[in-house]
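Residue numbers (the working numbering), protein chains in the order written: chain A, 26 to 171; chain B, 319 to 622. All C-beta atoms, glycine included, are put in the ideal place defined by N, C-alpha and C. Note that this is a predicted model, so its numbers are computed, not measured. Take a look at the structure set out below.
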Amino acid sequence: MRVTQGAFSFLPDLTDRQISAQVEYCLRREWAVSIEFTDDPHPRNTYWEMWGMPMFDLHDAAGVMAEVRACRDANPQAYVRVNAFDSTRGWETVRLSFLVQRPADEPGFRLDRTEAQGRTIRYAVRAYSVDQPSGRRYGPARAERR
Amino acid sequence: MSVPGPAAAFDAAAGEVVDLKALQAETDIAAPIAELERDLVGLAPVKQRIREIAAFLLVARAREQIGLAAGPPTLHMAFTGNPGTGKTSVALRMAGILHRLGYVRKGHLVSVTRDDLVGQYIGHTAPKTKEVLKRAMGGVLFIDEAYYLHRPENEKDYGQEAIEILLQVMENQREDLVVILAGYRNRMESFFASNPGFRSRIAHHIDFPDYSDDELLAITETLAAQSEYRLSPAAREAMIDYIARRRRQPGFANARSIRNALDRARLRQAMRLCAGSGVASREALQTIEAEDIRASRVFTTAIA
């Protein structure tokens, strides 16, 4: 099941040129771009691992693209996203966030129903992938895959 | 990149022809070069070299239009010259020129020294250097006093790590940034001698000559005019004297010495006006007199 999180996630995956153009747009607006990755795709998992510091003072997307490539190389089977943070007073928030890599195989989510008092039903969403320990969630580890 | 105008279109029948003049007009390269001619005094070999580079880039673009092989040219440069010969000023303009030629995408200049690139402990240098390189992407990275990166007396120095990262990016991301190294001539020579990789990756070695006395005088007047001062005829004479004497004293730094001299003359002018009648005309506020310059220590110290 294809995970749809952030902007553009219902579109086909962005090519590097398209990613670069989006980053260019962010930089033009003076947003600080950062890169994050995770192997826990649960929609409520907001705290992904940071790939280095957010990049302030950049003028060109080439620097971000180099980091995106480095992050993909280090985590070939993880979700990787690019965030753009707007530090303008009154906003101070992430203005744009989109995936730039997803695992080749996304097993999707399971819906757990638990019966509680008075036949109430409680629901839980659980990604199949998180049954495996972190690092082995999407296919064999990197060394075996290559 | 803009669409080629009708004049620049190919003439397929008569062998392909590119109208360089039209291309030149299109890229608007004449303006920054004229600006350079006007604003920078002297520096004839430097200007010549910049014109060559501009022409080369224009031809590279024409070749591209016509479908000839056009790999990205290497534009990394080394500026060598004595203190105050305008290396930084030219680097600043270079970023603008390369931008207008469409060679760098953004045209900003990131000016750094050893401190910005080299870390203080193991594992600190690489992220620091990469950070600077990322900031410079799309523009020009200006490394002032680049020879400090290499400390031959200390083989554990982290400078070498910064140099390796720099070289790698200079080679692999030539289309993303232009690196300009600057420094004093003889020290840059020994720096290149101990880092042969640098020398071969830098296509343009530009030497900045010292200014002549006349050029320094012209610089004085330009600097004064920029801050809306002017020299009285007597002050001009005094300045000619000053330059001749200052040149023979230690610590002479070409245009920088002149700028400092002018700054001090402005201080003395202010003192003189305050100590005077208490009324100053617009004329008096603008004019630097001979006494403001002649009061300098340069005139009292014996020439060594």
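Residue i - DSSP class collapsed to helix/strand/coil
i         : result
Thr63(A)  : strand
Thr619(B) : coil
Ile44(A)  : helix
Thr403(B) : coil
Phe81(A)  : coil
Asp434(B) : helix
Ala500(B) : strand
Gly164(A) : coil
Gly143(A) : helix
His417(B) : helix
Ala129(A) : coil
Arg423(B) : coil
Glu55(A)  : coil
Ala325(B) : With a pLDDT of only 47 at Ala325(B), under 50, the local geometry of the prediction cannot be trusted, and the value read off the model is given with reservation. Of the three classes helix, strand and coil, the one that applies to Ala325(B) here is helix, per DSSP.
Arg554(B) : helix
Thr29(A)  : coil
Phe516(B) : helix
Arg411(B) : helix
Ser159(A) : coil
Ile611(B) : helix
Phe397(B) : strand
Glu563(B) : For clarity, residue 563(B) is Arg in the given sequence; the question names Glu instead. Here Arg563(B) sits in helix by DSSP.
Val428(B) : strand
Terminal residues of the alpha helix (DSSP H) in which residue i lies
i         : result
Gln126(A) : It is not in any alpha helix (DSSP H) - Gln126(A) instead sits in the beta strand (DSSP E) that spans Thr118 to Gln126.
Asp531(B) : Asp531 to Gln544
Glu140(A) : Not the alpha helix (DSSP H): Glu140(A) falls in the beta strand (DSSP E), residues Phe134 to Glu140.
Leu341(B) : Leu338 to Thr345
Span of the beta strand (DSSP E) around residue i
i         : result
Asn108(A) : Tyr104 to Asp111
Ala511(B) : It is not in any beta strand (DSSP E) - Ala511(B) instead sits in the alpha helix (DSSP H) that spans Arg503 to Ser512.
Ala149(A) : Ile146 to Ala152
Val458(B) : Val458 to Ile461
Phe526(B) : His522 to Phe526
Proximal residues of chain A, C-beta to C-beta of residue i below 9 Å
i         : result
Gln491(B) : Ala87 and Ala91
Arg563(B) : What Arg563(B) touches in chain A: nothing, since even the nearest Cβ is about 44 Å away.
Chain A contact residues for residue i, given Cβ-Cβ distances below 8 Å
i         : result
His426(B) : His84
Arg411(B) : Neighbours of Arg411(B) on chain A: none; closest Cβ ~18 Å, over 8 Å.
Beta-carbon neighbours of residue i, restricted to chain B and to distances below 7 Å
i        : result
Tyr80(A) : As written in the sequence, residue 80(A) is Met, which differs from the Tyr given in the question. Those are Lys452, listed as they occur along chain B.
Residue i beta carbon near the ligand MN (any heavy atom closer than 7 Å)
i         : result
Leu121(A) : No copy of the ligand MN occurs in the structure displayed, which carries no ligand at all.
Within chain A, the residues that residue i reaches when beta carbons sit closer than 7 Å
i         : result
Gly456(B) : His84, Asp85 and Ala87
Arg423(B) : Asp85
Presumed contact (8 Å Cβ cut-off) between residue i and residue j, rounded CB distance
i         : j         : result
Thr619(B) : Gln567(B) : 7 Å
Thr431(B) : Ala480(B) : Between Ala480(B) and Thr431(B) the Cβ distance is about 11 Å, and since that is not below 8 Å, they are no contact.
Val125(A) : Val150(A) : At roughly 24 Å, the Cβ-Cβ gap does not stay under 8 Å, so Val125(A) and Val150(A) are not in contact.
Q: Say whether the segment 46-66 of chain A touches the segment 87-98 of chain A, bearing in mind that this needs 3 or more beta-carbon pairs closer than 8 Å, one atom from each stretch.
A: yes
Q) On the three-pair Cβ rule with 8 Å, is the segment 455-465 of chain B touching the segment 372-390 of chain B? A) no
Q: Would you check if the segment 493-500 of chain B and the segment 389-406 of chain B touch, i.e. whether three or more CB-CB distances between them fall below 8 Å?
A: yes
Q) Does the segment 600-612 of chain B come close enough to the segment 544-559 of chain B to have 3 or more Cβ pairs within less than 8 Å? A) yes
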